[in-house]
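Numbering (the numbering used here), first residue to last: -13 to 327. Comments concern the structure below.
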Amino acid sequence: MFPSNRTTRRYAIIMAAAAAFAMLAPVGDTWAASVRGERVTLIVPNSAGGLMVRYARMIAPFIAKHAEADEVRVRIMTGGGNIRGTNYLWFAEPDGTTIGFTSIPSLILAQLSGSEAVQFDTTQLVYLGRAATEPRVLIVGTHSGIETAEDLMSLDRPFIYPSQGTDEDFYSMVVLARALGMELKLIMGYDGNADTSMAVIRGDGDGQITSWRASLGVIQAGDERPVLTLGAERYPGYPDVPTATEVSLPESHDAVEAITNMLEMHRGFFGPPGLDAQATAELRAAIAAALEDPELIAESERQRLPLLPSDGETEQAKIQQITEASAVIVPIMQAALERIR
């Protein structure tokens, strides 16, 4: 489990209440075990114009097709760096009719940080499959005066970072700043990736962490430039941009590797705790089939939303290993939260 006593107590209360409710419920099936013919709500706790929502809208009809569901309807529920929508899903009926899709690292990091807003336990969520993953990149604006990773490490002032909330990019930047020996100034309250990007372009912030795909437009336009990749290897299109592990301080290598490995889970589907076994099997099979559907693959190429699927069982097996390995970054994240309270 995770180190926050407050969070642990909260989970104990939640599970005790759930157990008490179960004792009062009638014996037998209290919900439909199958999602066939059902209307499934897909909660996406991300900004409406972002890539996560675009992926969800693209994939949802194919999940419905392969699950033989009546419909898979996308519901956007933003707030708190993916926390609000995931809290909602945590309390959903575990019958398969409410599932989620978001950045799994955001959820892990929010819980590891001990955030009081978190009401869920990522080790108890049921993982249904990954749609895609790609390395993240730190890009800086032309007003920043920063051109290389060396410039970052020799910066004689705080690096100004505009953030939309305590998501994976927020925590990645916090860990990265520590790994490079940088002083960091966090500016909260921005509304999504487009908003933080505009802040960097205007010069209100020095840089942002985002996906390579989301950043290519502003990079190619000359508005922002890449300085570091958060991935195991250098990005193929920009081989001169080093990885964070290459330039981090020796004592921070473990922290950088932990967050880099975590980011590989990225765009994933998940269900509430105790998700019905039949519904779990159906949804995992449907999501796997959807992501191999030739029509969806063609659509993903048309929309330039690449797929890199991983099945639900594989993603479920990763979660405990990743969270345990990430203990090294907990103090760094908790210190960052204290700074913005």
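Where a beta carbon is used, it is the ideal one built from N, C-alpha and C, also for glycine. Treat the numbers as computed from the prediction; the structure is a model and nothing was measured.
Can you give the Cα-Cα distance for residue 315 and residue 206, rounded to whole angstroms? What you label residue 315 is simply residue 329 of the sequence shown in a count that begins at 1. What you label residue 206 is simply residue 220 of the sequence shown in a count that begins at 1. Distance between the alpha carbons of residue 315 and residue 206: 33 Å.
The beta strand (DSSP E) with residue 123 in it runs from where to where? As a working mapping, residue 123 is identified with position 137 in the sequence shown. Run containing residue 123: 122 to 127, per the beta strand (DSSP E) assignment.
Identify which residue in 230, 123, 47 has its Cα closest to the Cα of residue 59. Numbered from 1 along the sequence shown, position 73 holds the residue referred to as residue 59. Out of 230, 123, 47, 47 has the C-alpha closest to the C-alpha of residue 59.
Give the secondary structure of residue 103 by DSSP, where H, G and I count as helix, E and B as strand, and everything else as coil. Locating residue 103 in the sequence shown gives position 117, where the first residue counts as 1. Here residue 103 carries a coil assignment [DSSP, helix/strand/coil].
Output the distance between the C-alpha atoms of residue 266 and residue 321, rounded to the nearest integer angstrom. On the sequence shown, position 280 is the one that residue 266 refers to. On the sequence shown, position 335 is the one that residue 321 refers to. Just so you know, the alpha carbons of residue 266 and residue 321 end up roughly 37 Å apart.
Residue range of the alpha helix (DSSP H) that includes residue 204: Start at 1 with the first residue of the sequence shown, and residue 204 comes out as number 218. Where residue 204 is concerned, the enclosing alpha helix (DSSP H) stretches over 198 to 206.
Which residue or residues does DSSP assign as beta-bridge partners of residue 304? Start at 1 with the first residue of the sequence shown, and residue 304 comes out as number 318. Per DSSP, none; premise fails for residue 304.
Judging by CA-CA distance, which residue of 221, 138, 308 is the nearest neighbour of residue 168? Residue mapping note: residue 168 aligns to position 182 of the sequence shown, counting from 1. For the residues 221, 138, 308, the minimum Cα distance to residue 168 belongs to 138.
Just grab the DSSP bridge partners of residue 194 for me. Translated into positions along the sequence shown, residue 194 becomes position 208. As computed with DSSP, residue 194 is found in a beta bridge with 125.
By how many angstroms is the C-alpha of residue 259 removed from the C-alpha of residue 170? Taking the sequence shown and counting its residues from 1, one reaches residue 170 at position 184. Taking the sequence shown and counting its residues from 1, one reaches residue 259 at position 273. When rounded, the distance between both Cα atoms is 36 Å.
Residue nearest to residue 261 in terms of C-alpha spacing, selected from 227, 286, 304, 114: Walking along the sequence shown from the start, residue 261 turns up at place 275. Here the closest residue by C-alpha is 114.
Quick one: Cα of residue 179 to Cα of residue 291, how far? In the sequence shown, counting from the first residue as 1, residue 179 sits at position 193. In the sequence shown, counting from the first residue as 1, residue 291 sits at position 305. The alpha-carbon atoms of residue 179 and residue 291 are separated by roughly 16 Å.
Of all the options 308, 285, 318, which has the alpha carbon lying nearest to the alpha carbon of residue 45? What you label residue 45 is simply residue 59 of the sequence shown in a count that begins at 1. Answer by Cα proximity: 285.
Cβ pair residue 117, residue 277 closer than 9 Å: Within the sequence shown, numbered from 1, the residue matching residue 117 stands at position 131. Within the sequence shown, numbered from 1, the residue matching residue 277 stands at position 291. Against a cut-off of 9 Å, the Cβ pair of residue 277 and residue 117 comes out as a contact.
Tell me which same chain residues have a C-beta within less than 8 Å of the C-beta of residue 68, skipping the five on either side of it? Indexing the sequence shown from 1 puts residue 68 at position 82. For residue 68, where only same-chain residues beyond five positions count, the Cβ hits under 8 Å are 31, 32, 88, 89, 92, 93, 96, 151, 153.
Length-filtered (4 minimum) alpha helix (DSSP H) runs lying within the segment 263 to 296: As far as the segment 263 to 296 is concerned, its whole alpha helix (DSSP H) runs of at least 4 residues are 263 to 277, 280 to 289.
Use the C-beta contact count for residue 325: other C-beta atoms within 10 angstroms, 16 or more gives buried, fewer gives exposed. Within the sequence shown, the letter at position 339 stands for residue 325. Residue 325 comes out exposed.
CB of residue 176 to nearest heavy atom of the ligand FMN: below 8 Å? Absence of the ligand FMN is noted for the structure shown, with no ligands found whatsoever.
Less than 6 Å between C-beta atoms, sequence neighbours within five positions excluded: which residues of the same chain meet that for residue 148? Residue mapping note: residue 148 aligns to position 162 of the sequence shown, counting from 1. These residues qualify, in order along the chain: 173, 176, 182, 185, 191.
Minimum C-alpha distance to residue 312 - residue among 268, 299, 298, 248: Sequence index remark: in the sequence shown, residue 312 carries index 326 (1-based). It is 248.
Cα-Cα separation, residue 273 to residue 215: By one-based count along the sequence shown, residue 273 stands at place 287. By one-based count along the sequence shown, residue 215 stands at place 229. Taking the straight line from one Cα to the other gives about 29 Å.
Is the CB-CB distance between residue 298 and residue 112 below 9 Å? Position 312 of the sequence shown, counting from 1, holds the residue named residue 298. Position 126 of the sequence shown, counting from 1, holds the residue named residue 112. For residue 298 and residue 112, yes; Cβs fall inside 9 Å.
Bounding residues of the beta strand (DSSP E) (the contiguous stretch that carries residue 37): As a position in the sequence shown, residue 37 is number 51, starting the count at 1. Premise fails: residue 37 lies in the alpha helix (DSSP H), 37 to 53, not in any beta strand (DSSP E).
With H, G and I counted as helix, E and B as strand and the rest as coil, what does DSSP make of residue 317? Here residue 317 refers to the residue found at position 331 of the sequence shown. If DSSP states are grouped into helix, strand and coil, residue 317 belongs with the helices.
Own chain residues within Cβ distance below 6 Å of residue 13, not counting five before or after: Residue 13 sits at position 27 when you count from the first residue of the sequence shown. Note on residue 13: pLDDT 29, under 50, position unreliable in the model; the coordinate value appears next. Residues of the same chain with a CB within less than 6 Å of the CB of residue 13, apart from the 5 flanking positions on each side, do not exist.
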